[in-house]
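Residues 965 to 1141, numbered by our numbering, are exactly what the sequence shown covers, in order. Cβ coordinates follow ideal geometry from the N, Cα and C atoms, glycine included. Inspection log for the structure reproduced underneath, given as structure tokens.
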Amino acid sequence: METCAECGFEPAEIEAEETPGLIRRFSALHRDRLVGRAVDEGRRAELRVRPQRGVWSPLEYAGHLRDVYALFDRRVRAVLSEPGGVLEVIDHDAVVARGAYDRLDPEALAADLGACADRLAATLTGVRPEQWPWYGARAGERRTIEEIAKRAVHESRHHLMDVERILASSPGASVGC
């Protein structure tokens, strides 16, 4: 896993044991963005708008992140039960489109996002030091539990940046989140 040039995430700067707390913290920030906008109907609509073709709306990013937390929890559990096994792969764009994520209820999504983040964080909290290097294979690539955990943190951070950019450019941006 490499440094992300866009958001600045540096996986080497965090310890595996820090990931549960970071996942919970980023999840809370995402939920704040959803619920903060959802209280006003005009601002609620901003959550559903794609800023440009090929860029998800804030609701779609939040739904995707919820799915990532759930997927990564399943992957970690799979590695813990069968080290070296094959890990599930999903097409995130297809799932977002099929699920009509732009029409989800922001408050319900915020609750689901929090629950999935908490479940993943709890699973990671239970990982023993000798288990962090255990791995599974995802599309032929090895993914250790530590890497899965750090990828969850990166997804959280990166998509928070994406959502904040979108909301900052929306008409109600001067009002604040």
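Residue closest to residue i, alpha-carbon to alpha-carbon, out of the options
| i | options | result |
| --- | --- | --- |
| Ala-1113 | His-1028, Arg-1102, Thr-1087, Glu-1128 | Thr-1087 |
| Ser-991 | Asp-1055, Ala-1075, His-1056 | Ala-1075 |
| Pro-984 | Tyr-1099, Asp-1082, Gly-1104, Phe-1036 | Asp-1082 |
| Leu-1105 | Leu-1035, Thr-1089, Ala-1085, Val-1053 | Per the sequence shown, the amino acid found at residue 1105 is Glu instead of Leu. Taking only the C-alpha atoms, the option nearest Glu-1105 is Val-1053. |
| Ala-1058 | Asp-996, Arg-1008, Asp-1031 | Asp-1031 |
| Ala-1103 | Leu-1073, Cys-1080, Asp-1055 | Asp-1055 |
Per-residue DSSP class, three states only, for residue i
| i | result |
| --- | --- |
| Ala-1075 | helix |
| Val-1139 | Because the pLDDT of Val-1139 is 40, which lies under 50, any placement of that residue in the model is unreliable, and the number read from its coordinates should be weighed accordingly. Helix, per DSSP. |
| Val-999 | helix |
| Ala-1116 | helix |
| Arg-1008 | helix |
| Gly-1100 | strand |
| Thr-1108 | strand |
| Val-1091 | coil |
Proximity of residue i and residue j at Cβ, strictly below 9 Å
| i | j | result |
| --- | --- | --- |
| Arg-1039 | Leu-1029 | no |
| Tyr-1025 | Asp-1126 | yes |
| Met-965 | Arg-1115 | yes |
| Val-1117 | Leu-986 | yes |
| Gly-1027 | Gly-1078 | no |
| Glu-1010 | Leu-1131 | yes |
| Ser-951 | Arg-1007 | It is not possible to answer for residue 951, since the shown part of the chain is limited to 965 through 1141. |
6 Å Cβ shell around residue i - same chain, five flanking residues per side excluded
| i | result |
| --- | --- |
| His-1123 | Tyr-1025, Leu-1029 |
| Val-1139 | Confidence at Val-1139 is low in this model, with a pLDDT of 40, below 50, so its placement is unreliable and no value can be given for it. |
| Arg-1012 | Ser-1021, Leu-1023, Asp-1066 |
| Trp-1098 | Val-1043, Pro-1047, Ile-1109 |
7 Å CB neighbourhood of residue i in its chain, flanking five on each side removed
| i | result |
| --- | --- |
| Trp-1096 | Ala-980, Thr-1108, Ile-1109, Glu-1110 |
| Leu-1084 | Ile-987, Tyr-1033, Phe-1036, Asp-1037, Ala-1116 |
Residues of its chain near residue i, where Cβ-Cβ distance is below 8 Å and the 5 sequence neighbours each way are ignored
| i | result |
| --- | --- |
| Arg-1041 | Thr-1087 |
| Thr-1089 | Pro-984 |
| Gly-1100 | Arg-1039, Ala-1042, Val-1043, Glu-1046, Pro-1047, Gly-1048, Gly-1049, Val-1050, Leu-1051, Arg-1106, Arg-1107 |
Check: Do the stretch 1040-1048 and the stretch 1001-1021 touch if we need at least three Cβ pairs shorter than 8 Å?
Finding: no
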